[in-house]
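Protein chains in written order, with the UniProt record's numbering: chain A, 1 to 440; chain B, 1 to 440. Think of the CB as a built atom: it goes at the ideal place given N, C-alpha and C, for glycine as much as any other residue. Presented below is the structure to which this report refers.
Structure below.
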């Protein structure tokens, strides 16, 4: 369907290098495959500058993702538009703004799923559950660990870094442009998944109804009402936001940064416990928190980074045995959920952004009733999170910049030819966040 | 410990009539037992005017409540104070206001659990999970289906209807007194459990983060931010609050009234589907809704009362196949939860106020992840809900008044000697809400 192509791509070759997964498991190959073409008027072809290797790629790698077909891996990428379908060549009244404004050569970042931007789910910001959405790096949609990839529903999916007038922000256009000029592609890549997912977790926690007495200083349910009275007894000590973060991979670290940014911006006293069994992840978390607090020049609360064994005692000590108001579960298995349950207070919330599979939830009815537990599950609507995530990225670029430093979210940049070894080492926990440069 | 008693009670007898449950199940007896005495300085003895028979009493009745010991049934009562412990005779600086102000003869209503009013949980409004709290009508605390009962931690637990200065309200003191003069005891009894639990369900639903795009008209997550932009595409049609209520017992009806009151007060367009397999419950629901809408003089949305078989089609029709933003589960078993899951939209919330037991939650990790489901579980903090519930009771007293009419929440008032037959008939679904007058 090349009829829909409005421009030929800038690569002289017809094939490209790509990292592909082969069934049933642990079979990653770097292969020469055809460069994708426009298949639908709403498609874009993107030339990839950098592509990430994400923890959830390991689900597929290990054969746990339910995939049976060969496909290009990866759902994190930043790149430039090299071909556009015919939808982009016409005035697109009533359609997402990019159908009218996206141009060849524009620099773009994509969320980890495509989304139309036009249905009811997309319009209200639940882009991760667009009925037309597909997950990059799955059998239904080739991913970004390649030199080129096809982006469906590109006007709804992509975020155009070359045209800051097309996105919402607390910054003005000048500030947006200045910010973009400072951000390396390796920093922008966190927008694809890990940063919005961390912000999603923090946003759900801090805005949950059960947390509002802490935030507003009015007890439940008067926290939702203008009503006040002389029988209200909430104390300053009740207004400390207590939270635990279970799992300190890159998403957990981003959740911590987002939480810290929110409580600092709103002057909310806090006690946050960040938990991981892996010592090197804990070291990373500590380095990042030090950098965030240093840049704030103040600390309005306490932040502890602890092992699994230390976690319950720390929470007990910091909450007088009550438990945390919010637990952010960033792992994605039943034991992480059970552990979160143990840490959460009665009338607290477990915000789970981990990817959960077939095992049943590890709770019976009595457990959740007797502790008045609230739970939020599911995939981050990354495209909808971009405005807030981008603002945070700019504001905290001292944290999100850099590669291979103690506080860097990215540990190293490698070539596609190192993909097999990179998957192996990442799977074994021998390396942190790795990203691919497909042109070296 | 009669040393702690500051007044002798007004009954000339030393024994009283009480409805008691005997193990293992279905064994209700009306017996003469001793009148309770003050056991602790914080106790009050209440002479019961009316006591309710509630759906959750049936858990114990059927032997499913985990109870093994004989006890007085019932957790809904309104009455007058006839004895007070010594805590009430001293200035109680820093303690709940009732320790300084509650007097013999005061008319009181109680939540279905006791609570201290002084711990961290109570101070922030989570009174149902006070570590010192006990459930009335359980082996650990005799209930209200009697002529007298003992109320522990009475200064934290009771709501003093004789002294409106002791409670928060949107009404001033004059309005409170005028309101009280119109309310029959049979109306006030709904404060003990069913009305606050209904308001609790509605409050959790309407204030849930995932519902905020509908309420604010800004997509997720900008609904929490002052940020706006030219790429925001939420439409008027996305701003209809869609909800289902699963289970139309008295609590489900109260949840519907609270939801309707909230959406009317805030001009939120709505489509609400109320669901029950029982035709007489559906008739009651219809009569109540007609009365609410008639008193409002307008209808800002659509309200349907349907059977289980009709529910999915109605939700599909009203939400274009998307599902409801909120589902209020007021039943308390796994099949009601599964049904709620089927009705809720992706990124929707299931608010469960049903009492759940030992069976595991009927969801696996994939189900909750793939639909981005949020869930709130647990017991209503009834004491904390009293201010809002009381305001609603006064505002909607045309609905909450009356006994035995089509729109009445109370079907009949009976004597304690009719308890055995009342339990049997209520268990079989042959009668609706029954309340006991222990002095006839």
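Cβ separation of residue i and residue j, assumed to be a contact under 8 Å, to the nearest whole Å
i, j, result
"residue 155 (chain B)", "residue 239 (chain B)", "Contact doesn't hold; Cβ gap of about 45 Å is too wide."
"residue 202 (chain B)", "residue 211 (chain B)", "So it is not a contact: roughly 11 Å between Cβ atoms."
"residue 192 (chain B)", "residue 52 (chain B)", "6 Å"
"residue 109 (chain A)", "residue 78 (chain A)", "5 Å"
"residue 20 (chain B)", "residue 73 (chain B)", "7 Å"
"residue 351 (chain B)", "residue 326 (chain B)", "6 Å"
"residue 272 (chain B)", "residue 301 (chain B)", "7 Å"
"residue 134 (chain B)", "residue 152 (chain B)", "6 Å"
"residue 454 (chain A)", "residue 190 (chain A)", "Within the shown structure, residues of chain A are numbered from 1 to 440, placing residue 454 (chain A) beyond reach of any answer."
"residue 215 (chain B)", "residue 275 (chain B)", "No, residue 215 (chain B) and residue 275 (chain B) are not in contact; Cβ-Cβ is about 23 Å, not under 8 Å."
"residue 486 (chain A)", "residue 403 (chain A)", "Look at the range of chain A in this structure, 1 to 440, and you will see that residue 486 (chain A) is not part of it."
DSSP state of residue i mapped onto helix, strand, coil
i, result
"residue 26 (chain B)", "coil"
"residue 315 (chain B)", "helix"
"residue 122 (chain B)", "helix"
"residue 1 (chain B)", "Residue placement at residue 1 (chain B) is flagged as unreliable, the pLDDT there being 33, under the threshold of 50; the coordinate-derived value follows with that caveat. Coil."
"residue 71 (chain A)", "strand"
"residue 253 (chain A)", "helix"
"residue 158 (chain B)", "coil"
"residue 80 (chain B)", "strand"
"residue 364 (chain B)", "strand"
"residue 6 (chain A)", "For residue 6 (chain A), the pLDDT reaches just 39, beneath the cut-off of 50, and the residue's location in the model is therefore unreliable, leaving the point undetermined."
"residue 428 (chain B)", "coil"
"residue 383 (chain B)", "helix"
"residue 348 (chain A)", "strand"
"residue 322 (chain B)", "coil"
"residue 407 (chain A)", "coil"
"residue 104 (chain B)", "coil"
"residue 129 (chain A)", "helix"
"residue 235 (chain A)", "coil"
Where residue i meets chain A, residues with beta-carbon distance less than 8 Å
i, result
"residue 356 (chain B)", "364, 365, 366, 368, 369"
"residue 227 (chain B)", "168, 169, 170, 387, 388, 391"
"residue 238 (chain B)", "120, 123, 124"
Endpoints, the beta strand (DSSP E) within which residue i is located
i, result
"residue 116 (chain B)", "Careful: residue 116 (chain B) lies outside any beta strand (DSSP E) and carries neither H nor E."
"residue 376 (chain A)", "374–376"
"residue 86 (chain B)", "Where residue 86 (chain B) is concerned, there is no enclosing beta strand (DSSP E), given that its DSSP letter is neither H nor E."
"residue 107 (chain B)", "107–109"
"residue 303 (chain A)", "301–306"
"residue 149 (chain A)", "148–151"
For residue i: DSSP bridge partner residues
i, result
"residue 182 (chain B)", "The partner list for residue 182 (chain B) (beta bridge, DSSP) is empty, contrary to what the question assumes."
"residue 436 (chain B)", "B:51, B:414"
"residue 241 (chain A)", "A:270"
"residue 338 (chain B)", "Paired residue(s): none; residue 338 (chain B) is not in a bridge."
"residue 34 (chain B)", "B:15"
"residue 135 (chain B)", "B:113"
"residue 46 (chain A)", "A:81, A:149"
"residue 246 (chain B)", "B:275, B:329"
Beta-carbon neighbours of residue i, restricted to chain A and to distances below 9 Å
i, result
"residue 121 (chain B)", "322, 345, 346, 347"
"residue 126 (chain B)", "210, 213, 219, 220, 345, 346, 347, 372"
"residue 455 (chain B)", "Since the first and last residues shown for chain B are 1 and 440, residue 455 (chain B) lies out of range."
For residue i, the first and last residue of its enclosing alpha helix (DSSP H)
i, result
"residue 330 (chain A)", "Per DSSP, residue 330 (chain A) belongs to no alpha helix (DSSP H) and is neither H nor E."
"residue 198 (chain B)", "194–206"
"residue 400 (chain B)", "397–400"
"residue 279 (chain A)", "279–296"
"residue 57 (chain A)", "57–61"
"residue 228 (chain B)", "First-last for residue 228 (chain B): undefined, no H or E at that position."
"residue 212 (chain A)", "212–216"
Contact set between residue i and chain B, taken where Cβ atoms lie within less than 8 Å
i, result
"residue 71 (chain A)", "Near residue 71 (chain A) there are no residues of chain B at all, since even the closest Cβ is about 20 Å away, more than 8 Å."
"residue 361 (chain A)", "360, 361, 363, 364, 365, 368"
Contacts that residue i makes with chain A (C-beta to C-beta distance below 7 Å)
i, result
"residue 208 (chain B)", "209"
"residue 232 (chain B)", "168"
"residue 381 (chain B)", "220"
Per-residue contacts from residue i into chain B (C-beta, under 9 Å)
i, result
"residue 215 (chain A)", "The premise fails here: residue 215 (chain A) is roughly 11 Å from chain B at the closest Cβ pair, so nothing lies under 9 Å."
Residues that residue i contacts on chain B, provided the C-beta gap is smaller than 7 Å
i, result
"residue 204 (chain A)", "209"
"residue 285 (chain A)", "Neighbours of residue 285 (chain A) on chain B: none; closest Cβ ~24 Å, over 7 Å."
"residue 376 (chain A)", "374"
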